[in-house]
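Report on one structure; see the data block that follows.
In the working numbering, the protein residues as written are 132 to 336.
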């Protein structure tokens with residue numbers, strides 16, 4: 132749990148500082164053009180430390196806290212002392228991998244920017260689905276809990292669809308690829324988790 136709090140504390144501190152100093156956002160946000168042409172590779176990670184506003188920050192950190200504590204407990208159970216390292220790699224890898232597609236699309240577009248830890252948070256959420264596929268996830272507009280694996284499918288379909296439309300300022304590509312990273316990364320740590328995942332679904336029905 133300590134690692135969760137450290138990530139949250141650092142993210143909140145930097146984001147809040149950036150709210151009153153937009154130069155911080157400009158220096159840390161993901162900009163594929165600057166990565167490509169000025170080799171500012173650190174932006175693949177630093178963009179997760181800044182957010183668009185208080186709501187954006189609160190949602191990301193609340194979801195991360197809610198699911199992160201579940202994942203880190205399972206990582207600790209299955210991987211022992213290495214679980215902390217794997218959790219850090221899950222979060223950092225989710226940040227980097229989630230904007231690879233955006234990098235390919237926008238590396239010649241100076242005006243495209245992205246902020247927020249949504250890709251890493253999606254990775255954590257989907258890692259939790261590996262361990263608890265039949266766990267209930269509640270959405271604001273649906274009073275009945277949705278099995279986590281069904282939520283995951285709907286989330287991926289929705290993110291892919293919205294990414295193709297590209298009519299809002301939400302990083303749907305980052306959501307999609309962050310989720311994929313979290314699922315695949317966790318499976319690669321222990322292939323036995325995959326049959327365990329399907330067995331839980333089958334027995335749940």
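Note that the Cβ used here is the ideal one computed from N, Cα and C, for glycine as well.
With contacts defined by Cβ atoms closer than 8 Å, residue 188 and residue 223 do not form a contacting pair. Here residue 267 carries a strand assignment [DSSP, helix/strand/coil]. Within the stretch 290-334, the runs of alpha helix (DSSP H) that reach at least 4 residues and sit entirely inside it are, in chain order, 303-320. Taking all protein chains in view, the Cβ of residue 233 is crowded by 16 or more other Cβ atoms within 10 Å, so the residue is classified as buried. Between the stretch 249-258 and the stretch 194-209, the count of Cβ pairs shorter than 8 Å is three or higher; the stretches touch.
Assignment of residue 211 by DSSP, reduced to helix, strand and coil, places it in the coil class. The three-state secondary structure of residue 250, taken from DSSP, is helix.
Bridge partners of residue 161 according to DSSP: 245. Boundaries for residue 240: no alpha helix (DSSP H) harbours it, and the DSSP string shows neither H nor E there. From the listed residues 210, 316, 329, 275, the smallest Cα separation to residue 228 is found for 316. For residue 136, the uninterrupted alpha helix (DSSP H) run begins and ends at 133-150, by DSSP. Between residue 253 and residue 313 a beta carbon distance of about 6 Å is seen, short of the 8 Å cut, so the two are scored as contacting. Put simply, of 184, 319, 197, 218 the residue whose alpha carbon is nearest the alpha carbon of residue 145 is 184. Annotation for residue 174: the continuous alpha helix (DSSP H) segment containing it runs 174-177.
Around the Cβ of residue 151, a 10 Å sphere holds fewer than 16 other Cβ atoms; the residue is exposed. The Cβ atoms of residue 287 and residue 307 lie closer than 8 Å to each other.
Within the DSSP bridge table, the entry for residue 278 names 267 as partners.
Distance between residue 274 and residue 194, taken at the CA atoms: about 18 Å. Collapsing the DSSP output to three states places residue 187 in a helix.
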